[in-house]
Structures are given as structure tokens and as C-alpha cells.
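Remarks on the structure that follows.
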Amino acid sequence: MVAVSLKKKNRKKVDTVKSVNNSIRTSVRKLNPILKSIVGKKVDVAMRDLQFSAKRISKDIRKTIGSAVANAENNFQYDIDNLVVKEAYCGKKIVMKRFRPRAKGRAAPILKPWSTVTIILSEVKQMGSHGTKSSSCRF
Numbered sequence: 000m001v002a003v004s005l006k007k008k009n010r011k012k013v014d015t016v017k018s019v020n021n022s023i024r025t026s027v028r029k030l031n032p033i034l035k036s037i038v039g040k041k042v043d044v045a046m047r048d049l050q051f052s053a054k055r056i057s058k059d060i061r062k063t064i065g066s067a068v069a070n071a072e073n074n075f076q077y078d079i080d081n082l083v084v085k086e087a088y089c090g091k092k093i094v095m096k097r098f099r100p101r102a103k104g105r106a107a108p109i110l111k112p113w114s115t116v117t118i119i120l121s122e123v124k125q126m127g128s129h130g131t132k133s134s135s136c137r138f
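Quick note: the sequence shown uses numbering that gives the first Met the number 0, first residue 0, plus one each step.
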């Protein structure tokens, strides 16, 4: 007789999904206002806001959010209708340095910064529709 022990692994439920874009050719100063505008929004609303944004870099942020949504759907079997942007932040990477010739033999520096963007999504349970009143609150 062989005794088989079933050992349960102590797995934590992953409630966030992360996607990182390590090479965005813009400065952190230009990225921060766009990222702050999408935090706390549902994914489809954030994608729509970025689609109609006038900023050039919003296309790269939209691709990063799309990657996070694909990770959530394929790797963790989350419902994409319930995903919310939990965190969105950026950080500095390298700065390419170039020089432009100026008058009298001088040179002016040109700084070309690169950034990294991290998008963290989380799944929320069904939210109650906004603006509905319960029957017990009527006067």
C-alpha cells in the first residue's frame, strides 16, 4: 500500500496585472499628466480617452494598457469588462546627449530622454450603476 500525500500549495490570489514598457522616447514630465488622468478609470474609458488625446505619446500608453489587458485575459482569465487602472507611473531611463553648433564656435546641448511606463490593472467586482436610488430611501 502506497500512501499518497496531497500537498496543497499556498498560492496567493493575484489581484493585479502588470505591464511595463521600457522604451518610450519622451520625458517623464510629459508622461505624468497623461498617466494621472487615467488612474482609477475603467480600461475601456481610459483607452477611449487616450485615443482622442492630442498628445503624441498617448499611442504608446494605449499599447501598454492593451498589453496589460491581454495579460489579464490570457494569463489570469479576468473579465476585461471589470478591469480598472489601479496604478500608472513612469520613471527615467537614459538620456541621449547631442550637441548643436552655435555662434562663435560654441555648442548647445540637446537632451533626448527615454522613460519607462508601468501600468497596473486590477479587477473589481460589479459596481452598482451610478445614480440609482434604493427603494428604502424614498420620501
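Glycine included, C-beta positions come from ideal geometry on N, C-alpha and C.
Nearest to residue i by CA position, among the options, is which residue?
{"i": "residue 18", "options": "32, 31, 44, 85", "result": "85"}
{"i": "residue 98", "options": "108, 91, 39", "result": "108"}
How about residue i and residue j: are their beta carbons less than 9 angstroms apart?
{"i": "residue 45", "j": "residue 23", "result": "no"}
{"i": "residue 87", "j": "residue 56", "result": "no"}
{"i": "residue 58", "j": "residue 49", "result": "yes"}
{"i": "residue 83", "j": "residue 111", "result": "no"}
{"i": "residue 66", "j": "residue 20", "result": "yes"}
By how many angstroms is the C-alpha of residue j removed from the C-alpha of residue i?
{"i": "residue 60", "j": "residue 113", "result": "14 angstroms"}
{"i": "residue 70", "j": "residue 16", "result": "7 angstroms"}
{"i": "residue 105", "j": "residue 29", "result": "29 angstroms"}
{"i": "residue 14", "j": "residue 53", "result": "32 angstroms"}
{"i": "residue 25", "j": "residue 117", "result": "14 angstroms"}
{"i": "residue 80", "j": "residue 89", "result": "25 angstroms"}
{"i": "residue 78", "j": "residue 91", "result": "32 angstroms"}
{"i": "residue 51", "j": "residue 31", "result": "17 angstroms"}
{"i": "residue 123", "j": "residue 76", "result": "14 angstroms"}
{"i": "residue 37", "j": "residue 103", "result": "47 angstroms"}
{"i": "residue 68", "j": "residue 62", "result": "10 angstroms"}
{"i": "residue 72", "j": "residue 39", "result": "19 angstroms"}
{"i": "residue 100", "j": "residue 94", "result": "19 angstroms"}
{"i": "residue 74", "j": "residue 43", "result": "19 angstroms"}
Which partner residues of residue i appear in the DSSP bridge assignment?
{"i": "residue 120", "result": "16, 84"}
{"i": "residue 95", "result": "111"}
{"i": "residue 23", "result": "114"}
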